[in-house]
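*Asks:* Residue numbers (UniProt numbering), protein chains in the order written: chain A, 1 to 292; chain B, 1 to 237.
Every residue, glycine too, gets a C-beta built ideally from N, C-alpha and C.
Quantities reported herein were computed from a predicted structural model and do not represent experimental measurements.
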Amino acid sequence: MELFANQVLAGIATGAIYACMALAVVMIYQAIDHLNFAQGEMAMFSTFVSWQLMQWGVPYWGAFVLTVAFSFAAGIVIERLLFKPLAKAPILTNVAGFIALYAIINSVAGLIWDFTIKQYPTPFGSSPFLGSQLISTHQAGMIGITLLMLALLFFFFRFTRVGLAMRAAASLPESARLVGINTSWMIALGWGMASAIGSIAGMMIAPVVFLEPNMMLGVLIYGFAAAVLGGLTSPFGAVMGGFLVGIFENLVGTYIPGVGNELKLPIALALIIVVLVVKPAGLFGRAIVKRV
Amino acid sequence: MTTMLNVKDLRAYYGQVQALHGLSFSLNEGSLTTLLGANGAGKTTTLRAICNMVRSTGAIEFEGKPIGTRSTENVVRLGIAHVPQGRGTFTNMTVEENLQLGAISRPDKKAIGSDIERMYEHFPVLKQRYTQQAGTLSGGEQQMLAVARALMLRPRLMLLDEPSFGLAPLIVRDLFRILGKINREEKVTILVVEQNAQLALELADQAYVIETGRIVMSGNAKDIANNEDVRKSYLGY
Chain A
1 MELFANQVLA GIATGAIYAC MALAVVMIYQ AIDHLNFAQG EMAMFSTFVS WQLMQWGVPY
61 WGAFVLTVAF SFAAGIVIER LLFKPLAKAP ILTNVAGFIA LYAIINSVAG LIWDFTIKQY
121 PTPFGSSPFL GSQLISTHQA GMIGITLLML ALLFFFFRFT RVGLAMRAAA SLPESARLVG
181 INTSWMIALG WGMASAIGSI AGMMIAPVVF LEPNMMLGVL IYGFAAAVLG GLTSPFGAVM
241 GGFLVGIFEN LVGTYIPGVG NELKLPIALA LIIVVLVVKP AGLFGRAIVK RV
Chain B
1 MTTMLNVKDL RAYYGQVQAL HGLSFSLNEG SLTTLLGANG AGKTTTLRAI CNMVRSTGAI
61 EFEGKPIGTR STENVVRLGI AHVPQGRGTF TNMTVEENLQ LGAISRPDKK AIGSDIERMY
121 EHFPVLKQRY TQQAGTLSGG EQQMLAVARA LMLRPRLMLL DEPSFGLAPL IVRDLFRILG
181 KINREEKVTI LVVEQNAQLA LELADQAYVI ETGRIVMSGN AKDIANNEDV RKSYLGY
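1. Pick helix, strand or coil for Pro163 of chain B, following the three-state DSSP scheme.
2. Looking at the secondary structure, which residues open and close the beta strand (DSSP E) in which Asp9 of chain B lies?
3. Quick one: does Ile105 of chain A have its CB under 8 angstroms from some CB of chain B?
4. When burial is assigned at 16 or more other CB atoms within 10 Å of the CB, is Val230 of chain B buried or exposed?
5. Which runs of the alpha helix (DSSP H) spanning at least 4 residues fall entirely within the region 141-187 of chain A, listed in chain order?
6. Could you name the residues of the same chain whose beta carbon sits closer than 7 angstroms to that of Ile145 of chain A, not counting the 5 residues immediately before and after it, in chain order?
7. Lys65 of chain B: which of B:Asn92, B:Asp108, B:Met4 sits nearest, CA to CA?
8. Could you tell me which uninterrupted alpha helix (DSSP H) segments, each at least 4 residues in length, are contained entirely in the region 51-77 of chain B, listed from first to last along the chain?
9. Closer than 9 angstroms by beta-carbon distance: list the chain B residues that pair up with Leu164 of chain A, in chain order.
10. Suppose you measure from the CA of Arg173 of chain B to the CA of Gly88 of chain B; what does that come to, to the nearest Å?
11. According to DSSP, simplified to helix, strand and coil, what is Val292 of chain A?
12. Cβ of Glu79 of chain A less than 8 angstroms from any chain B Cβ?
13. Just the chain B side, please: which residues come within less than 8 angstroms of Asn94 of chain A by C-beta, in chain order?
14. At which residues does the beta strand (DSSP E) containing Ser114 of chain B begin and terminate?
15. At a CB distance below 9 angstroms, what residues from the region 168-202 of chain A approach chain B? Give them in sequence order.
16. With DSSP as the reference, label residue 250 of chain B as helix, strand or coil.
17. Among A:Thr183, A:Glu174, A:Gly40, A:Thr233, which residue has its Cα nearest to the Cα of Val162 of chain A?
18. Pick out whichever of A:Ala188, A:Pro213, A:Leu53 has its Cα sitting closest to the Cα of Lys118 of chain A.
19. For the region 74-87 of chain B, which residues have a CB atom closer than 7 angstroms to at least one CB atom of chain A, in sequence order?
20. Using a Cβ cut-off of 9 angstroms, which residues of the region 143-158 of chain B contact any Cβ in chain A, in chain order?
21. Look up Phe284 of chain A in the DSSP assignment and say whether it is helix, strand or coil.
22. Which residues in the same chain as Arg177 of chain A place their Cβ atom closer than 6 angstroms to its Cβ, once the five residues preceding and following it in sequence are excluded?
23. So, with DSSP's three-state summary, where would you put Pro107 of chain B?
24. Determine the direct distance from the alpha carbon of Met1 of chain A to that of Ala169 of chain A, and round the result to whole angstroms.
25. Assuming Leu35 of chain B and Thr45 of chain B are in contact, meaning their beta carbons sit under 8 angstroms apart, how far apart are those beta carbons, in whole angstroms?
26. Counting along the chain, where does the beta strand (DSSP E) carrying Gly22 of chain B start and finish?
27. Bridge partners for Pro128 of chain A per DSSP, in chain order?
28. At a Cβ threshold of 8 angstroms, is Thr45 of chain B touching chain A?
29. Could you give the residue range of the beta strand (DSSP E) that holds Ala81 of chain B?
30. What is the DSSP secondary structure of Lys127 of chain B, counted as helix, strand or coil?
31. Thinking Leu153 of chain B and Ala103 of chain B are a contact (beta carbons under 8 angstroms), I'd like their distance in whole angstroms, please.
32. Is it true that the CB of Phe210 of chain A sits closer than 8 angstroms to the CB of Tyr120 of chain A?
33. So the alpha helix (DSSP H) Gly219 of chain B belongs to, where does it begin and stop?
34. Ala268 of chain A by DSSP, collapsed to three states: which one?
35. Spatial neighbours of Thr94 of chain B within its chain, please: C-beta separation below 8 angstroms, excluding the five flanking residues on both sides.
Structure follows, in structure tokens:
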């Protein structure tokens, strides 16, 4: 029983990484109705920017704030330059755009900062959290930050006029325009927010996986799995999905013989498929009630 | 009487297909006008062209200003509320959120709360359901909500696309009574597109009849209702 509890705790700790990333994934999905395959690379690039700032002597939280602001602006710029012209194009064109963006950002990051692994600092320290060897203060801090972001997003979407307008633009663009919402800018805002959230995820994840241009590859797949499991329409679901994927991955690794580290990624992929087949809306996705 | 909306030589296209062939009409301030015609005559397209939701040429003037090149949201922000066909309800949001959205482009945030209360007076059924997901409302209730949402803009002009569609006759009567009241009391100019010609002509003071993208008849609603030839050939009752 103690082994079980410990594995769940360790799962929550890794799950925090996925939850962070899933939050960014859901954000962009809400705004544009597609998954952004370059999301992980955007987060990685932001993390490098914060690392560079720290190399230049900016203190951690200063670099943190500047990076979030930079990422927000960069997200909007990417949308205006690349994806606004593709707004009416077929999905496949958009997917090609995402993949191009993925390759470009990855290469540019490699060009500027090369591919060697770099240490990345944590503001929370890395001692055992409350005396537990399974969860460090950094992981606890990461869980805290993720939950804080979730709370802020909830507040933003539920209680602010801009949040309401963004939800309207995402669910019914034509009706949104008919109440005077500039849906095009709402999409850009969604990109900005997703990019900002992704940058926070990157800065939280980097101390765990180390900083390098390919650091987000695996994380993004887990983030997708988490978002699909929780429901692509629900930020809360995405975070819960992240923790569940983390726990699930750990328990399977512990209790099912033969599943080592090598099979952990296929498990995430299998999870995506199973959820899509059995419950496409995800665990917490809103099933829309319609009356005809 | 001043002219509020003036449309001249309006032509609209869906891809290569031309749907409107040089439509011209005007609305007087404070009037309640109906645009009648059969399926496919171009009624919906006319409303969509006013809000720039379909490619069109020609001149559209609202209160003396040309609006043809404005984007949909900027046309709406001038005070032109459009209740689209199918109502455009935000089905996964609550009734109250739908009403809030109606006022989302308004700068005077303080008056929104009292306006919502006023909508609940016009449409008591919405008050009972204000926390309910709008998709769970009945068709009639959703149409009431769509009209209320449009009014939240405090529009100068309201465009309604077949508000009677799919509703029981009693509910249509109720809805039209409220539209008349809004027109008189709130001084909102109304253009209503209808297939239910008989009811629409009872309600309206001006009427236009449209056939395959052209205006074929216009005048006082009562005169048109009383003209047997017109009724038989265009209105089908």
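*Replies:* Let me spell this out:
1. coil
2. It spans 3-14 - the beta strand (DSSP E) in which Asp9 of chain B sits, taken as one unbroken run.
3. For Ile105 of chain A, no Cβ of chain B is located within less than 8 angstroms of the residue's own Cβ.
4. buried
5. 161-171, 173-178
6. Ile200, Met204
7. B:Met4
8. 72-76
9. Met93, Glu97, Gln100, Leu101, Ile104
10. 21 angstroms
11. Annotation note: pLDDT 47 at Val292 of chain A (below 50); position unreliable, coordinate value reported separately. Of the three classes helix, strand and coil, the one that applies to Val292 of chain A here is coil, per DSSP.
12. Chain B, which has no Cβ nearer than 8 angstroms to the Cβ of Glu79 of chain A, makes this no.
13. The premise fails here: Asn94 of chain A is roughly 22 angstroms from chain B at the closest Cβ pair, so nothing lies under 8 angstroms.
14. First-last for Ser114 of chain B: 112-122, but that is the alpha helix (DSSP H), not the beta strand (DSSP E).
15. Ala168, Ser171, Leu172, Glu174, Ser175, Ala176, Arg177, Leu178, Val179, Gly180, Ile181, Asn182, Thr183, Ser184
16. Because chain B spans 1 through 237 in this model, residue 250 of chain B falls outside it and cannot be assessed.
17. A:Thr183
18. A:Pro213
19. Answer set for the region 74-87 of chain B: Val76, Arg77, His82, Pro84.
20. Arg149, Ala150, Met152, Leu153
21. coil
22. Thr183
23. coil
24. 48 angstroms
25. With a Cβ gap of about 11 angstroms, Leu35 of chain B and Thr45 of chain B do not count as contacting.
26. 17-28
27. According to DSSP, which records beta bridges pairwise, Pro128 of chain A is partnered with A:Ser136.
28. no
29. 80-83
30. Judged by DSSP in its simplified three-state form, Lys127 of chain B adopts helix.
31. With a Cβ gap of about 7 angstroms, Leu153 of chain B and Ala103 of chain B count as contacting.
32. Yes, Cβ-Cβ distance for Tyr120 of chain A and Phe210 of chain A is below 8 angstroms.
33. Taken as a continuous stretch (DSSP letters only), Gly219 of chain B belongs to no alpha helix (DSSP H), being part of the beta strand (DSSP E) at 214-220.
34. Looking at Ala268 of chain A - three-state DSSP - the assignment turns out to be helix.
35. Correct list, in chain order: Tyr130, Thr131, Gln132, Gln133, Ala134.
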